Ligand code: NAD
Ligand code: MG
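Numbering (the UniProt record's numbering), first residue to last: 1 to 359.
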């Protein structure tokens, strides 16, 4: 087992990464203060892992709430099901919520924990690659609004993140690809050696090689933990983690949440960010092509939806949270392995990228 720490002074917490962690009661219970636990999961994950987690909690009052599965349920109405369960079962301020599932469950459970009785403890038990390398670390929690993704939420850190890599064995291939987009993102944004390592091992990673996946998760979490420790509330440098996301969010919201997976949209978004970086003279056409080949090997889409116009992109991008003073702010590449945040974007070059013009 590997243990990393997210360094946030009194809010610091460990990330445990390894196979078979969900059979070790003490690893979980050392982070539970009271005697009440509410497991928050969904209809897909519950039949696979709920009993396993319940078995770790002998002696506690253990309740669970099983949410409908899907990004389209990541809203206030579904959130309320968690509060209903907590109140109906008499959970008090010493309760601990366990987020058992992917990023949707994690974001909702975290936000429920942030607001239930003005804040109770929670622990992340992420079960998708995406949630293991990204959403379970860093304390962003929340739900979607009809008018925008993740528009209602809070920064709220968990007590611990427990990543049992065995859970990936049941994950559908498409979800593994989606998570791989975020893994590739970390390499692109600050770690050339890791990017080269991913290129070298992409076939075995996609085939589910447990040792390689654990290494990819570890390096990704290290990168995320490092950035979050510098800028917990995204006042500055943390926005670098949004590489590919401004384009990606535009695709996701245009298609309707849930049609393109978040990671799929991010994959295409990464390529669009690289494309624009190339037009601005920072990276070569060959490097863009290399990224495209990597995304293809990870079974990720490399073209935005056919019906999505430049105007669709621009209007979706200007409601993005990362827009400051009406100017489009983007994360781009200075080189492979080094991202930067800029609002100095040439509109013509941006439009060429959005229109998919040849490089
Ligand atoms: P998800 O939670 O929808 O999970 C994907 C699918 O896999 C679901 O159907 C789920 O039920 C299923 N599943 C989960 N674990 C499984 C397992 N082990 N075996 C089989 N099936 C399993 O999607 P996701 O990609 O994990 O997360 C996406 C969400 O995360 C988005 O809502 C996004 O906004 C959010 N997110 C948040 C942050 C953050 O910092 N908080 C960062 C990135 C993404
Ligand atoms: Mg993301």
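Note that CB positions come from ideal geometry on N, CA and C, so glycine has one too. Just so we're clear, the structure is a prediction, and the values are computed from it rather than from any experiment.
Quiz item: Is residue 263 near the ligand MG, with its Cβ less than 8 Å from a heavy atom?
Solution: Yes, the beta carbon of residue 263 sits closer than 8 Å to at least one heavy atom of the ligand MG.
Quiz item: Can you list the beta strand (DSSP E) stretches of 3 or more residues lying completely in the UniProt domain "3-dehydroquinate synthase N-terminal" (65-177), in chain order?
Solution: Fully enclosed beta strand (DSSP E) runs of 3 or longer: 96-101, 121-126, 140-145, 148-155 and 160-164.
Exercise. May I ask you to report which of helix, strand or coil DSSP gives residue 349?
Key: Three-state DSSP puts residue 349 in a helix.
Self-check item: Straight-line Cα distance separating residue 214 from residue 194
Solution: Rounded to whole angstroms, residue 194 to residue 214 spans 13 Å at the Cα level.
Quiz item: In chain order, which alpha helix (DSSP H) runs of at least 4 residues are fully inside the UniProt domain "3-dehydroquinate synthase C-terminal" (179-323)?
Solution: Qualifying alpha helix (DSSP H) stretches, in chain order: 192-206, 210-230, 245-255, 262-279, 285-297 and 310-318.
Quiz item: Could you give the residue range of the alpha helix (DSSP H) that holds residue 29?
Solution: For residue 29, the enclosing alpha helix (DSSP H) stretches over residues 25-29.
Practice problem: Report yes if the C-beta of residue 185 is less than 8 Å from at least one heavy atom of the ligand NAD; otherwise report no. | Solution: No, the Cβ of residue 185 stays beyond 8 Å of every heavy atom of the ligand NAD.
Quiz item: What are the boundary residues of the alpha helix (DSSP H) that residue 339 is part of?
Solution: In the DSSP assignment, residue 339 falls outside any alpha helix (DSSP H) and within the unbroken beta strand (DSSP E) covering 338-342.
Self-check item: Assigned exposure category for residue 134 - 16 Cβ within 10 Å defines buried
Solution: It is buried - the Cβ of residue 134 has at least 16 other Cβ atoms within 10 Å.
Practice problem: Using DSSP bridges, identify the partner residues of residue 378. | Solution: In the structure as shown, the chain starts at 1 and stops at 359, and residue 378 therefore has no counterpart that could be examined.
Self-check item: Option in 290, 53 and 138 with minimal Cα separation from residue 202
Solution: Sorting 290, 53 and 138 by C-alpha distance to the C-alpha of residue 202 places 290 at the top.
Practice problem: Identify, in the order they occur along the chain, each residue of the same chain with its Cβ nearer than 6 Å to the Cβ of residue 334, setting aside the five sequence neighbours on each side. | Solution: Within its own chain, the residues whose Cβ lies closer than 6 Å to the Cβ of residue 334, once the five positions on either side in sequence are excluded, are 282 and 340, listed in chain order.
Quiz item: Does the Cβ of residue 347 have 16 or more other Cβ atoms within 10 Å, making it buried, or fewer, making it exposed?
Solution: Exposed, because fewer than 16 other Cβ atoms sit within 10 Å of the Cβ of residue 347.
Exercise. With distances taken Cα to Cα, identify the nearest neighbour of residue 84 among 57, 343 and 64.
Key: For residue 84, the nearest C-alpha among the options comes from 64.
Self-check item: Beta-carbon gap between residue 168 and residue 128 smaller than 9 Å
Solution: Contact flag set, yes.
Self-check item: Inter-stretch contact at 8 Å, needing at least 3 Cβ pairs: the stretch 17-24 / the stretch 48-59
Solution: Yes, since at least three Cβ pairs between the stretch 17-24 and the stretch 48-59 fall closer than 8 Å, the two stretches touch.
Quiz item: Looking only at C-alpha atoms, which of 349, 126, 227 and 243 sits nearest to residue 18?
Solution: Per the Cα distances, 126.
Quiz item: From residue 264 to residue 165, what distance separates their C-alpha atoms?
Solution: Straight-line measurement puts the Cα of residue 165 at about 21 Å from the Cα of residue 264.
Quiz item: If we call anything under 9 Å between Cβ atoms a contact, is residue 11 one with residue 230?
Solution: With contacts defined as CB atoms closer than 9 Å, residue 11 and residue 230 fail to qualify as a contacting pair.
Self-check item: C-alpha gap between residue 255 and residue 192, whole angstroms
Solution: Straight-line Cα distance between these residues: approximately 32 Å.
Quiz prompt | Residue nearest to residue 304 in terms of C-alpha spacing, selected from 111, 274, 352 and 251 | solution = Nearest C-alpha to residue 304 among 111, 274, 352 and 251: 251.
Quiz item: Nearest-angstrom Cα distance between residue 69 and residue 277?
Solution: When rounded, the distance between both Cα atoms is 37 Å.
Quiz item: Which residues mark the beginning and the end of the beta strand (DSSP E) in which residue 55 is found?
Solution: Unbroken run through residue 55 is the alpha helix (DSSP H), 51-55; no beta strand (DSSP E).
Quiz item: Near residue 31, what residues of its chain come up, given a Cβ to Cβ distance below 7 Å and the 5 sequence neighbours on each side ignored?
Solution: Taken in chain order, the residues that qualify are 123, 159 and 160.
Quiz item: Excluding five sequence neighbours on each side, which residues of the same chain lie with their C-beta closer than 8 Å to the C-beta of residue 240?
Solution: Contacts found: 189, 190, 227, 331, 339, 340 and 341.
Quiz item: Leaving out five residues before and five after residue 56 in sequence, what residues of the same chain have Cβ atoms less than 8 Å from its Cβ?
Solution: So the qualifying residues of the chain are 22, 23, 24, 25, 28 and 29.
Exercise. For the beta strand (DSSP E) containing residue 59, list its first residue and its last residue.
Key: No beta strand (DSSP E) holds residue 59; DSSP gives it neither H nor E.
Self-check item: Limits of the beta strand (DSSP E) - the one that residue 18 falls within
Solution: Residue 18: member of the beta strand (DSSP E) spanning 13-18, first to last residue.
Quiz prompt | Selected residue, minimal CA-CA separation from residue 72, among 144, 287, 140 and 88 | solution = Among 144, 287, 140 and 88, the Cα nearest to that of residue 72 is on 144.
Quiz item: In terms of residues, what are the limits of the beta strand (DSSP E) holding residue 2?
Solution: Boundaries of the beta strand (DSSP E) harbouring residue 2: 2-6, taken from the DSSP string.
Quiz prompt | Candidates 232, 36, 187 and 244, of which the one nearest residue 216 by Cα | solution = Cα-wise, what sits closest to residue 216 is 187.
Exercise. Could you check the C-alpha separation between residue 273 and residue 218 for me, to the nearest Å?
Key: Straight across, the Cα-Cα distance linking residue 273 with residue 218 is about 25 Å.
Exercise. Confirm, please, whether the CB-CB distance from residue 42 to residue 66 is below 9 Å.
Key: A contact, by the Cβ cut-off of 9 Å.
Practice problem: Kindly list the residues whose CB is nearer than 6 Å to the CB of residue 238, restricted to its own chain and excluding five residues on each side of it in sequence; keep chain order. | Solution: Sequence-distant Cβ neighbours of residue 238 in its own chain, meaning closer than 6 Å and more than five residues away, are 227 and 231.
Practice problem: Grab me the residues of residue 78's own chain with a C-beta within less than 6 Å of its C-beta, minus the 5 sequence neighbours each way, in chain order. | Solution: Taken in chain order, the residues that qualify are 67.
Exercise. Would you tell me roughly how many angstroms separate the C-alpha atoms of residue 151 and residue 53, rounded to the nearest one?
Key: The alpha-carbon separation between residue 151 and residue 53 amounts to approximately 31 Å.
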